[in-house]
Amino acid sequence: MATAVPMVEIWRGPFLESMHSGHAVVCDDTGQIVESWGDPEAVVLPRSSSKMLQALPLLESGAAADAGLTDEQLALACASHNGSEIHSVRVKAWLEALGKSDEDFRCGPQEPRDIAVRDALIREDKPVCRYHNNCSGKHSGFLTLTKYLNAGPDYVAVDHPVQKAVKAAFEEVTQEDTPGYGIDGCSAPNFATTMHGMARAMAFFAGANPDGGARESAAAKLTRAMATYPELVAGEGRACTDLMRAMDHKVAVKTGAEAYFIAIVPEKKMGVAVKILDGSTRGAECAIASILVRLGVLDPAHPLAQKYINAPIQNWDGLVTGRMKPVEGFI
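Residue numbers (our numbering): 954 to 1284.
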């Protein structure tokens, strides 16, 4: 991978203790780079930051309309959720409406990130299920499309009609042929693209006309659903949810594993892609928040913004021992 640049600093007292470096690109809706850091041509797996791209065929095909999917369900299709009650109840209802069960999911069982839910499962001696998986909303969308296409049950296979449709949409919106894929944590293929390609795709979503063709309409609906229901996209205490709330539901933000992050900014028709090279989520959260401040869509004084761009580091006794902040000149 090409040279990354410093983006986030960790200070302990007067000492610079650690630093997170990465790549970032901001694109406009013509696909042109507005600003970049590091290497825009670095090829990276966007992981769960690509979920709205993976959801495009669900809407474009007519499967979402045929199933009567709501904006809440579209938000879940793009989610990496906490496995909280608000998530699992909706996913289970979606499965029932499809006439499917937990065993029809191809994502594995995952312990809920929501500690209260996890502890309740332990106390009640109940199993961790596939619907607890943070990607179960995306897989509900895959199952919906599979049923609509009358395709086989192994919908995560790269040669399955669902994944062929995902790859086609991914390449068309990034405007790049993908060099390949890795298998994601939820067993679905995750296609690689350049930082520029991903930012260009997010800018397409940002500029999409709700009354346009099938693809533009789909992109606009997914963006609106994410921004409207940030608690379904991630959950309480998560950066995606916090930042979308801090921006009054006007911007869609989505994390991906290994410190990827995207933002879709409709009012400026801009898209953002961020990758922190060491895989540190804290670094990616600070970097995306800093870029949103730089773009003028996130108030740096908002408490939820301060949580990520000027985050206090506390020890076990509650003493503030340092801070995480963007490198000088980043915002």
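Glycine is no exception: its CB is placed at the ideal position from the N, C-alpha and C atoms.
Beta-carbon proximity check, residue i vs residue j, cutoff 8 Å
i, j, result
"Ser1233", "Ile1284", "no"
"Leu1030", "Ala1008", "Correcting the residue type first, residue 1030 is Ala in the shown sequence and not Leu. It is a contact, given that the beta carbons lie within the stated cut-off."
"Ala1187", "His1034", "yes"
"Gly975", "Ala1240", "yes"
"Asp1295", "Gly1036", "Here the chain comprises residues numbered 954 to 1284, so residue 1295 is not present and cannot be evaluated."
"Pro999", "Gly1209", "yes"
"Ala1122", "Leu1006", "yes"
"His1085", "Pro1062", "yes"
"Met1223", "Val987", "yes"
"Leu899", "Ala1178", "Because the chain here runs from 954 to 1284, residue 899 falls outside it and cannot be looked at."
"Gly984", "Ala957", "no"
"Arg1276", "Trp964", "yes"
"Glu1025", "Tyr1182", "yes"
"Leu1196", "Leu1245", "yes"
"Tyr1108", "Arg1059", "yes"
"Thr910", "Lys1117", "Any property of residue 910 remains undetermined from this structure, which presents the chain solely from 954 to 1284."
"Cys980", "Ala1205", "no"
"Leu907", "Pro1114", "Since the first and last residues shown for the chain are 954 and 1284, residue 907 lies out of range."
"Glu1184", "Lys1203", "no"
"Ile1229", "His973", "yes"
Residue i versus residue j: straight-line alpha-carbon distance, rounded
i, j, result
"Ala1145", "Lys1091", "18 Å"
"Asp1055", "Gly966", "50 Å"
"Leu1257", "Gly1105", "44 Å"
"Leu1098", "Ser1002", "20 Å"
"Met951", "Thr1127", "The structure shown does not extend to residue 951, since the chain spans only 954 to 1284, so no value can be given for it."
"Val1250", "Ala1226", "16 Å"
"Gly1165", "Cys1139", "32 Å"
"Glu1281", "Ala1212", "21 Å"
"Ala1073", "Cys1082", "13 Å"
"Pro1080", "Glu1049", "19 Å"
"Ala1110", "Gln1259", "42 Å"
"Glu1125", "Phe968", "46 Å"
"Pro961", "Phe1214", "Inspection of the sequence shows that residue 961 is occupied by Val rather than by Pro. Taking the straight line joining both Cα atoms gives about 14 Å."
"Asp1078", "Asn1087", "21 Å"
"Gln1267", "Lys1004", "33 Å"
"Ala1018", "Pro1010", "12 Å"
"Asp1201", "Asp1231", "31 Å"
"Ser1093", "Ala1069", "24 Å"
"His1255", "Ala1199", "7 Å"
In DSSP terms, what residue i is bridged to
i, result
"Trp964", "Leu969, Arg1276"
"Gln1007", "BP columns for Gln1007 are empty, so no partner."
"Gln1267", "Val1273"
"Val1070", "Answer is none; Val1070 lacks a bridge partner."
"Asp1055", "Answer is none; Asp1055 lacks a bridge partner."
"Tyr1213", "Gly1209, Lys1228"
"Gly1021", "Paired residues: none, contrary to the question."
"Ser989", "Val978"
"Pro1106", "Paired residue(s): none; Pro1106 is not in a bridge."
"Val996", "Thr1147"
"Val958", "Gly975"
"Pro1142", "Ile1136"
Under the three-state DSSP convention, the category residue i falls into
i, result
"His1202", "coil"
"Val1111", "coil"
"Asp1130", "coil"
"Ser974", "strand"
"Asp980", "According to the sequence shown, residue 980 is Cys rather than Asp. In this structure, Cys980 counts as strand in the three-state DSSP scheme."
"Pro1182", "Here the sequence assigns Tyr to residue 1182, which means Pro is not the residue at that position. Here Tyr1182 sits in coil by DSSP."
"Ile1244", "helix"
"Ile1039", "helix"
"Pro1256", "helix"
"Ile1075", "helix"
"Thr1147", "strand"
"Gly1236", "helix"
"Ile1136", "strand"
"Pro1219", "helix"
"Leu1196", "helix"
"Glu1281", "coil"
"His1034", "coil"
"Arg1083", "helix"
Expected contact under 8 Å - CB spacing of residue i and residue j to nearest Å
i, j, result
"Phe1158", "Thr1176", "5 Å"
"Val996", "Ser989", "That belief does not hold up - the Cβ atoms of Val996 and Ser989 are roughly 15 Å apart, past 8 Å."
"Ala1167", "Glu1013", "5 Å"
"Pro1279", "Val1273", "Actually they are not in contact, since the Cβ atoms of Pro1279 and Val1273 sit about 18 Å apart, beyond 8 Å."
"Gly1150", "Asn1143", "With 8 Å as the limit, Gly1150 and Asn1143 do not qualify as a contact, their Cβ atoms being about 14 Å apart."
"Cys1193", "Lys1207", "6 Å"
"Gly1190", "Asp982", "Gly1190 to Asp982, Cβ: 32 Å. No contact."
"Lys1100", "Leu1051", "6 Å"
Heavy atom of the ligand PLP within 7 Å of residue i beta-carbon
i, result
"Thr956", "Absence of the ligand PLP from the depicted structure is noted, as is the absence of any ligand whatsoever, leaving it without description."
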